[in-house]
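So the protein sequences, as listed, match chains L and W. Remember, this note's numbering sits 1395 above the position in the first sequence when you count from 1. Remember, this note's numbering sits 67 above the position in the second sequence when you count from 1. First comes the structure, then the notes that go with it.
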Amino acid sequence: MAVFSRSPKPEPVLGQNRAVGHLLSFVTWIIGLVFFFPLFWLTVNGFKEESVASADPTLRFDPTLDRFAEVTEANSGLLSFAEAFSNSLWVVLISTAFVMVLAIPAAYALSIRPMKMWRDVLFFFISTKFLPIVGIIMPVWIIARDLNLLGTRTVLVVLYTAMNLPLAVWMLRSFFAEVPKELIEAAQIDGCSLLGQIRQVLLPIVAPGVAATALLCVIFAWNEFFFALQLNPTGASTIPVWVNSQQKFQGQFIATLSAASVLATLPVVIAGWIAQKRMIRGLAMGAIK
Amino acid sequence: MAEVRYEKASRIYGFGAVGEVRAVNQLDLDIADGELLVLVGPSGSGKSTALRMLAGLETVNEGSIFINDVDVTLKPPQERDIAMVFQNYALYPSMTVAENMGFALKQAGVSKSDRRQQVEEAARILDLEPYLDRKPKNLSGGQRQRVAMGRAIVRSPQVFLMDEPLSNLDAKLRVQTRTELVDLQARLGTTMVYVTHDQVEAMTMGHRVAVLDHGVLQQVDSPRTLYSQPANLFVAGFIGSPAMNLIEVDRSGDTLSIGTTAVPLPDDVSAQIRSSDVNTFVVGVRPEHLGLTDDGIPASVTVVEELGSEAFVHTEVAHQGGTLTVVVRVEGETNIRRGDSISIGVAGPVHVFEAQSGIRLGASA
């Protein structure tokens, strides 16, 4: 029997082969387009006349900004776009600020100086997300009513802070845990106070992670609909409630609703676009080094 | 400038029924002003823990630690006026070299111009001037190490604490930096406690070396004494490269034999053996204290390591019904090859330890 000697073949990596590579990028494009299409169609519809939007789907039409003008027009007695937008901005920014102020020390305590039973504490945080919100809306509503908070921005700030806090603590904890312990110890030896350690040493290192966390909180708060609808359906409500109010009880409203949805989506898309790089760096672990 | 004193200092993990582990056990250690003391031991010996206790990064569960006769046992690190260099350097990645070095001064409220001046002075000592505006990630390993050193010397602390600061450098740079570090310490005259697992580093750098094992201090002395008069079996085996030949021997009367050849012993050791009720001893001979003779212990060669100026000959020797490995150092170039039969004679001091307790017999240091 002949003995063949040959150099070992390298393990093939998926995509290394040219044909497979082309196929993979083709599939990726298809998946990307499938996800992108609804957004695209939504935007296109926003520029149509109602009759065109309700007719057979077409890309041939005379684009108009009339729908956008209609939805942003202020009607007395109804929630206007400008009001809803400023309410959303207020609620989102204030609640996110609260979340970060509370979550950063919590994450520090859970990762850098873990106390006894820190795992249980961490689990407690996430367990608050297990309960379906609809199951607790009744007591929340009653409490809000008794505190005279129904129909205010304050109630949404409180609830969005509570809603995003567990997520932020979990994310920040995992970012903080990656910071070499010696850095904090070096800062201690260098005479840095606890606040100084967080502000001057820790935060500059985990900045991408903190930014990513804050952005996620912003997005979740911006998109929140259920609390806003239940506790604050009127004057002081937010963008999602405003979009919902663009549904009409008669006639066609697809184009109007599309225009409203585009306006509601835009800030998140822009923020996501700007923060894209940082966010990916932050969300992909191993951001440090 | 400062003296450091450990008084029965212990670090204990896992109190209670679970069973406690003493990472550092009742450590008594006096470090003189301006001394470079090396803590050495295998991993898990508690050397780093002992250093971190001095830094204030580990709790002292029993005993106390003094810096300049001030009890610092309960003081946080920032109140101890110490500087530490970590194994991974722990440079602040978001700050430049200058900011890293000036960080402690900034915390202490030193003005910006004074800070700049002190940082530049330290940078000059360490040849770091061209790199002051760089970030740590743009530096080589050796440069990072020097920045870590710079961060320590800028503040002129009472004590330098070094936690294996050279072990991330490549071999050549490590040897070079070692010398620089010794020189720097001598020039500054600041007390330094230096932790390493590398006994060569310990022997070459330390004014005195403290050997730890399982949290217990084994011996603290000058490198020369550690080498020539190890206090116990552990120190004998740990210090020296290649390691001392340690041969377990059952006594017959007051003589100890390797194979059938009696080992020459000093009179006081023989006397101690005679009066001892212990039967098994360990004979220790360093490779350079063995040589080739005509009528010594017969041995067959297994491996020859030629280093140019010297060679280490690994041999197998028949002893008490089995074989054991004995290493002999031979001057210069050698013609001895694997498979050769040679005869080994003792040509230098012999160390004898009780096998069970590991205690040294004869005159101790």
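Heads up, the beta-carbon is just placed ideally off N, CA and C, and yes, glycines get one too.
Chain L beta carbons: is any one of them nearer than 8 Å to that of residue 161 of chain W?
Taking the second sequence and counting its residues from 1, one reaches residue 161 of chain W at position 94. Yes, its Cβ sits closer than 8 Å to a Cβ of chain L.
Check whether chain L comes within 8 Å of residue 426 of chain W, counting only Cβ atoms and requiring the distance to be less than that.
By 1-based counting over the second sequence, the position of residue 426 of chain W is 359. Chain L contact via Cβ: absent.
Of all the CB atoms in chain W, is at least one closer than 8 Å to the CB of residue 1499 of chain L?
Stepping through the first sequence from its first residue, residue 1499 of chain L is reached at position 104. Closer than 8 Å: no.
At least 3 beta-carbon pairs within less than 8 Å: the region 1624-1633 of chain L vs the region 1541-1552 of chain L:
A contact between stretches requires three or more CB pairs, one per stretch, nearer than 8 Å, and the region 1624-1633 of chain L meets this requirement with the region 1541-1552 of chain L.
Bounding residues of the alpha helix (DSSP H) (the contiguous stretch that carries residue 1639 of chain L):
In the first sequence, counting from the first residue as 1, residue 1639 of chain L sits at position 244. Counted as a single uninterrupted DSSP element, the alpha helix (DSSP H) harbouring residue 1639 of chain L occupies residues 1634-1639.
For residue 259 of chain W and residue 252 of chain W, the rounded distance between their alpha carbons:
Walking along the second sequence from the start, residue 252 of chain W turns up at place 185. Walking along the second sequence from the start, residue 259 of chain W turns up at place 192. Rounded to whole angstroms, residue 252 of chain W to residue 259 of chain W spans 7 Å at the Cα level.
Give the secondary structure of residue 439 of chain W by DSSP, where H, G and I count as helix, E and B as strand, and everything else as coil.
Here chain W has residues from 68 to 432 only, and residue 439 of chain W is not among them.
Measuring only the C-alpha atoms, how far is residue 1600 of chain L from residue 1502 of chain L?
To locate residue 1600 of chain L, count along the first sequence from 1; it is residue 205. To locate residue 1502 of chain L, count along the first sequence from 1; it is residue 107. For residue 1600 of chain L and residue 1502 of chain L, the distance between alpha carbons rounds to 14 Å.
Unbroken alpha helix (DSSP H) runs of length 4 or more, entirely within the region 1452-1479 of chain L: which are they?
Listed in chain order, they are 1461-1467.
For the region 327-341 of chain W and the region 416-424 of chain W, state whether three or more C-beta atom pairs, one from each stretch, are separated by less than 8 Å.
Per the Cβ contact rule, the region 327-341 of chain W is in contact with the region 416-424 of chain W (3 or more Cβ pairs under 8 Å).
Helix, strand or coil for residue 1495 of chain L? Go by DSSP, reduced to three states.
Within the first sequence, the letter at position 100 stands for residue 1495 of chain L. Secondary structure of residue 1495 of chain L (DSSP, three-state): helix.
Give the DSSP bridge partners of residue 329 of chain W, in chain order.
Here residue 329 of chain W corresponds to residue number 262 of the second sequence, with the count starting at 1. Per DSSP, W/324.
Which residues, taken in chain order from the region 1566-1581 of chain L, show a beta carbon closer than 7 Å to some beta carbon of chain B?
No chain B is present in this structure, whose protein chains are L and W.
Cross-chain neighbours of residue 1585 of chain L in chain W, by beta carbon under 7 Å:
To locate residue 1585 of chain L, count along the first sequence from 1; it is residue 190. Near residue 1585 of chain L (Cβ distances below 7 Å), the residues of chain W are 170, 171 and 174.
Considering only DSSP beta bridges, list what residue 230 of chain W is partnered with.
The residue labelled residue 230 of chain W in the question sits at position 163 within the second sequence. DSSP lists W/262 as partners of residue 230 of chain W.
At a CB-CB cut-off below 8 Å, which residues of chain L make contact with residue 225 of chain W?
The residue labelled residue 225 of chain W in the question sits at position 158 within the second sequence. Proximity of chain L to residue 225 of chain W at the Cβ level (cut-off 8 Å) is not reached, the minimal Cβ distance being about 12 Å.
At a Cβ cut of 8 Å, what residues of the region 248-264 of chain W count as close to chain L, listed as they run along the chain?
The residues in question: there are none.
Under the three-state DSSP convention, the category residue 176 of chain W falls into
For the purposes of this step, residue 176 of chain W is taken as the residue at position 109 of the second sequence. Coil.
Separation of residue 1528 of chain L from residue 1538 of chain L, as counted between CA atoms:
Along the first sequence, read from residue 1 onward, the residue named residue 1538 of chain L stands at position 143. Along the first sequence, read from residue 1 onward, the residue named residue 1528 of chain L stands at position 133. Taking the straight line joining both Cα atoms gives about 15 Å.
Outcome for residue 114 of chain W when other beta-carbon atoms lying within 10 angstroms are tallied against a minimum of 16
Position 47 of the second sequence holds residue 114 of chain W. Counting every other CB atom within 10 Å of its CB across the protein chains shown gives residue 114 of chain W a total of 16 or more, marking it as buried.
Could you round the C-beta distance between residue 425 of chain W and residue 301 of chain W to whole angstroms and report it? I think they count as a contact, below 8 Å.
Sequence index remark: in the second sequence, residue 425 of chain W carries index 358 (1-based). Sequence index remark: in the second sequence, residue 301 of chain W carries index 234 (1-based). Contact flag correct, Cβ pair sits at about 6 Å.
At least one CB of chain L closer than 8 Å to the CB of residue 145 of chain W: is that the case?
Mapped onto the second sequence, residue 145 of chain W falls at position 78. Look at residue 145 of chain W: its C-beta is under 8 Å from a C-beta on chain L.
Which residues does DSSP pair with residue 73 of chain W in a beta bridge?
Stepping through the second sequence from its first residue, residue 73 of chain W is reached at position 6. Under DSSP, residue 73 of chain W takes part in a beta bridge, and its partners are W/96 and W/132.
Return the residue from the list W/392, W/237 and W/376 that minimises the CA-CA distance to residue 383 of chain W.
Along the second sequence, read from residue 1 onward, the residue named residue 383 of chain W stands at position 316. Nearest option by C-alpha distance: W/392.
With a 10 Å radius around its C-beta and 16 neighbouring C-beta atoms as the bar for buried, classify residue 1655 of chain L as buried or exposed.
As a first step, residue 1655 of chain L must be located in the first sequence, where it is residue number 260. Buried: at least 16 other Cβ atoms inside 10 Å.
According to DSSP, which residues form a beta bridge with residue 418 of chain W?
Residue numbering aside, residue 418 of chain W sits at position 351 when the second sequence is read from its first letter. DSSP output for residue 418 of chain W lists W/351 as bridge partner(s).
Nearest-angstrom Cα distance between residue 380 of chain W and residue 310 of chain W?
The residue given as residue 380 of chain W occupies position 313 in the second sequence. The residue given as residue 310 of chain W occupies position 243 in the second sequence. So the two alpha carbons sit approximately 13 Å from each other.
Less than 8 Å between the beta carbons of residue 1616 of chain L and residue 1487 of chain L, yes or no?
Stepping through the first sequence from its first residue, residue 1616 of chain L is reached at position 221. Stepping through the first sequence from its first residue, residue 1487 of chain L is reached at position 92. The answer is yes: Cβ separation under 8 Å.
Alpha carbon of residue 273 of chain W to alpha carbon of residue 81 of chain W, nearest angstrom
If you number the second sequence from 1, residue 273 of chain W lands on position 206. If you number the second sequence from 1, residue 81 of chain W lands on position 14. Across the structure, residue 273 of chain W and residue 81 of chain W are spaced so that their CA atoms are roughly 33 Å apart.
Would you decide whether residue 78 of chain W is buried or exposed? Buried here means 16 or more other CB atoms lie within 10 Å of its CB.
As a first step, residue 78 of chain W is located in the second sequence; it is residue number 11 there, counting from the start. The residue is buried, with at least 16 neighbouring Cβ atoms inside 10 Å.
Can you find at least 3 beta carbon pairs, one from the region 1580-1593 of chain L and one from the region 153-173 of chain W, that sit closer than 8 Å?
Flag = yes, the region 1580-1593 of chain L and the region 153-173 of chain W touch.
Are residue 124 of chain W and residue 262 of chain W touching if we call contact CB-CB under 8 Å?
Here residue 124 of chain W corresponds to residue number 57 of the second sequence, with the count starting at 1. Here residue 262 of chain W corresponds to residue number 195 of the second sequence, with the count starting at 1. Taking the C-beta atoms as reference points, residue 262 of chain W is found no nearer than 8 Å to residue 124 of chain W.
Along the alpha helix (DSSP H) that carries residue 365 of chain W, what are the first and last residues, could you check?
If you number the second sequence from 1, residue 365 of chain W lands on position 298. Residue 365 of chain W -> not in any alpha helix (DSSP H); beta strand (DSSP E) instead, spanning 357-373.
Quick one: is residue 1566 of chain L buried, meaning 16 or more other Cβ sit within 10 Å of its Cβ, or exposed?
Counting from 1 along the first sequence, the entry for residue 1566 of chain L is found at position 171. That one is buried.
I need the boundaries of the alpha helix (DSSP H) containing residue 1608 of chain L, first residue and last residue.
Here the question's residue 1608 of chain L lines up with position 213 in the first sequence. Counting along the chain, the unbroken alpha helix (DSSP H) around residue 1608 of chain L starts and ends at 1598-1618.
Near-chain W residues of the region 1602-1624 of chain L (beta-carbon distance less than 9 Å), N- to C-terminal order
Those would be 1602, in chain order.
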